[in-house]
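Going by the numbering used here, the letters in the sequence shown line up with residues 113 to 229, in that order.
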Amino acid sequence: MSSSIRGSRSPTRNPQLAPHELPELPVRYRWLDCPGCLSHLAINTTESPAGISGSLRRWSADRSINDGKLLRIEPSDLLPGGGFVVTCVCGQSIVVPAEPDAISAEREGDLRVKLGE
Ligand SMILES: [Zn+2]
Numbered sequence: 113m114s115s116s117i118r119g120s121r122s123p124t125r126n127p128q129l130a131p132h133e134l135p136e137l138p139v140r141y142r143w144l145d146c147p148g149c150l151s152h153l154a155i156n157t158t159e160s161p162a163g164i165s166g167s168l169r170r171w172s173a174d175r176s177i178n179d180g181k182l183l184r185i186e187p188s189d190l191l192p193g194g195g196f197v198v199t200c201v202c203g204q205s206i207v208v209p210a211e212p213d214a215i216s217a218e219r220e221g222d223l224r225v226k227l228g229e
């Protein structure tokens, strides 16, 4: 005889199943070319009132160069209009426009975990 009572459904929500309390900032992508080293640049940032943080990656057309660096832009370093200046790995200063080429949407449910009904 089966005596186990498993899978009893409780109408109460499990408070431990709140995976993301913190809102995730969207990632902004900008693609530029560096006039100094003629490499392609991909600048990925997250922007908040505390400033901008992110990374710069560069690669040359023949891919002999492929490196990057971290970015940190203080709010006081922002240009009027929201752009900012980054320094390429080669030392070239580059003005980055405020408007990104792309923005990552928040994850749209693709990480939904099924917990066995
Ligand atoms: Zn460069």
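Note that beta-carbon positions come from the ideal geometry of N, C-alpha and C, so glycine has one too.
TODO: Use the C-beta contact count for E136: other C-beta atoms within 10 angstroms, 16 or more gives buried, fewer gives exposed.
DONE: For this step, residue 136 is matched to residue 24 along the sequence shown. Answer is exposed; the Cβ neighbour count stays below 16.
TODO: Work out the CA separation of L144 and G163 for me, nearest whole Å.
DONE: Walking along the sequence shown from the start, residue 163 turns up at place 51. Walking along the sequence shown from the start, residue 144 turns up at place 32. The straight-line gap from Cα to Cα measures roughly 21 Å.
Task: Distance cut 7 Å, beta-carbon to ligand 1 heavy atom: residue list by chain order - done: In chain order, the hits are C146, G148, C149, S151, R170, C200, V201, C202 and Q204.
Task: Boundaries of the beta strand (DSSP E) in which S167 is found, first to last residue - done: Walking along the sequence shown from the start, residue 167 turns up at place 55. It spans G163 to W171 - the beta strand (DSSP E) in which S167 sits, taken as one unbroken run.
TODO: Can you have a look at I155 and say buried or exposed, based on whether 16 or more other CB atoms are within 10 angstroms of its CB?
DONE: Within the sequence shown, the letter at position 43 stands for residue 155. Buried, because 16 or more other Cβ atoms sit within 10 Å of the Cβ of I155.
Task: For T199, the nearest candidate out of A173, D174, Y141 and L168 (CA to CA) - done: Position 87 of the sequence shown, counted from the start, is the residue given in the question as residue 199. Checking every option, the nearest Cα to that of T199 belongs to L168.
TODO: Report back the beta-carbon spacing between V201 and K181 to the nearest angstrom; my notes put them in contact at under 8 Å.
DONE: By 1-based counting over the sequence shown, the position of residue 201 is 89. By 1-based counting over the sequence shown, the position of residue 181 is 69. Contact flag correct, Cβ pair sits at about 6 Å.
Open item on the list: Which same chain residues end up closer than 8 Å to V139 when comparing Cβ atoms and leaving out the 5 residues on each side of it in sequence?
Closed with: Residue numbering aside, residue 139 sits at position 27 when the sequence shown is read from its first letter. Excluding sequence neighbours, V139 sits near N156, T157, T158, G166, I215 and S216.
TODO: Give the range of the beta strand (DSSP E) segment to which A154 is assigned.
DONE: Stepping through the sequence shown from its first residue, residue 154 is reached at position 42. Per DSSP, the unbroken beta strand (DSSP E) holding A154 starts and ends at H152 to S160.
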